[in-house]
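Chains as they are written, first to last, in my numbering: chain A, 599 to 803; chain B, 599 to 803.
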């Protein structure tokens, strides 16, 4: 069986960079935006639309298990959300069967739960995340610190809702992961090196 | 400044063994029960009594910040709890100034918060913890699985209450730690090796 690492992350925590560096060092495939592009191709929806749908919980007051049994005639937007998730589900399984890989976000830890992936969650305190987001946005940034904070909170709320909708677990809860990494005030390259060393030792069995 | 690693842990998660192995590999001092013994000496209380007091939240409906200002004439048991905590506080600071070390439990992460220790929390699912506790108890074990489960829950509740009383943080919350390690179904020696590799890379800066 292939070795699969899934990475859940708070927006601005550096989780994506950590995942990319980890994949590079391990020589594993790395999937993040590639997943959106491929789903867009398969569903004939625009990448922008798929990205929106794949980051937000479908409009339904119930989790998927209930929502799909209750609503015999769901509205088209809801149906499309489920179609994107279903395609994502298939694609993530295909990718995990193809080679060793690192998959960022997309409920991958839950989708692949029977394959026993190594599940990482990356987080940081608000100040560190804000600093990273502002510096990443660079000179073209049009958001004030206050607006950026609002955006950060909104994205993370979307991820938490999405995760709660499609799984029966709580996003970021320690029970759902093998390793939780706090990047507050830390250099992501160094944290990635440390994580690489940890993962190598875990995979050595 | 010395390198200090603090380890919070759920009962039965293997956190203590992980801490001991980590200290051995790093060549750091290791403190756990030694702290109880030393406090007993300094306070002239019995080790058994200190252990009880140091594992349970003092009898007060308020956290320490409020309790100590409200009660001008607290009862003797409450006063003794505070005396033990105060001695523990002093001792842990002394130990951290003496040499590089690993300290298990005892609110050490909170007590040393200004020294920037590397804060680990070790946890596992209920089945793994029960299995570890039952096998550790060995042939002399007089507890049924049900009784052991109750004991495990009681000890962890005591730790959480103690932590909440003496700090303004929540025990086991990811914000309070640098690294959270899930030992469910894993070999502690291997997890300790991986943690050693992680910590070496973090300390390498």
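All C-beta atoms, glycine included, are put in the ideal place defined by N, C-alpha and C.
In the DSSP annotation of this structure, the continuous segment of the beta strand (DSSP E) that includes residue 606 of chain A starts and ends at 602-607. Between the alpha carbons of residue 700 of chain A and residue 623 of chain A lies a distance of about 11 Å. The beta-carbon separation of residue 607 of chain B and residue 702 of chain B, rounded to 7 Å, stays under the 8 Å limit for a contact. In this model, residue 730 of chain B and residue 680 of chain B are separated by some 33 Å (Cα to Cα).
Looking from the CA of residue 764 of chain A, the closest CA among A:600, A:676, A:617 and A:629 belongs to A:676.
Rounded to the nearest whole angstrom, the C-alpha separation of residue 630 of chain A and residue 631 of chain B is 46 Å.
Residue nearest to residue 651 of chain A within the set A:610, A:749, A:620 and A:759 is A:759 (criterion: CA-CA distance).
Of the candidates A:779, A:695, A:800 and A:647, A:800 places its Cα closest to the Cα of residue 787 of chain B. For residue 799 of chain A, the nearest CB of chain B lies under 9 Å from its own CB, placing it at the interface with that chain. Residues of the region 637-652 of chain A whose Cβ lies closer than 9 Å to any Cβ of chain B: none. When the beta-carbon positions are compared, residue 778 of chain A and residue 778 of chain B come within less than 9 Å of each other.
Each residue's CA atom was taken as its position, placing residue 678 of chain A and residue 792 of chain B some 43 Å apart. Burial state of residue 697 of chain B is exposed, judged by a 10 Å Cβ sphere holding fewer than 16 other Cβ atoms. For residue 640 of chain A, the enclosing alpha helix (DSSP H) stretches over residues 631-641.
Interface criterion not met: the Cβ of residue 756 of chain A is under 9 Å from no Cβ in chain B.
Restricting attention to A:692, A:601 and A:724, the CA atom closest to the CA of residue 637 of chain A is found in A:692. DSSP assignment within the region 706-753 of chain B yields the following whole alpha helix (DSSP H) runs of 4 residues or more, N-terminal first: 706-709 and 724-735. If the five residues before and after residue 794 of chain A are omitted, its C-beta is found closer than 7 Å to the C-beta atoms of 620, 623 and 624, all from its own chain and listed in chain order.
Beta-bridge annotation (DSSP): residue 785 of chain A is not paired with any residue. Contact between residue 772 of chain A and residue 721 of chain B holds: their C-beta atoms lie close to 6 Å from each other, under 8 Å.
Per the C-alpha coordinates, the member of B:686, B:643 and B:727 positioned closest to residue 614 of chain B is B:727. Per DSSP, residue 675 of chain A is one residue of the alpha helix (DSSP H) stretching across 674-696.
Annotation for residue 615 of chain B: the continuous alpha helix (DSSP H) segment containing it runs 613-624.
With respect to residue 738 of chain B, residue 602 of chain B sits apart: the two C-beta atoms are not nearer than 9 Å. Taking 9 Å as the cut-off, the Cβ atoms of residue 695 of chain B and residue 780 of chain B do not count as close. For residue 675 of chain A, there are no C-beta contacts with chain B under 8 Å, since the nearest C-beta of that chain is about 34 Å from it. Residue 610 of chain B places its beta carbon 9 Å or farther from that of residue 717 of chain B.
If you ignore the 5 residues before and after residue 767 of chain A, its C-beta comes within less than 8 Å of the C-beta of 708, 761, 773 and 774, all in its own chain and listed in chain order. Residue 604 of chain B and residue 674 of chain B do not touch by the CB rule: their CB atoms are close to 31 Å apart, not below 8 Å.
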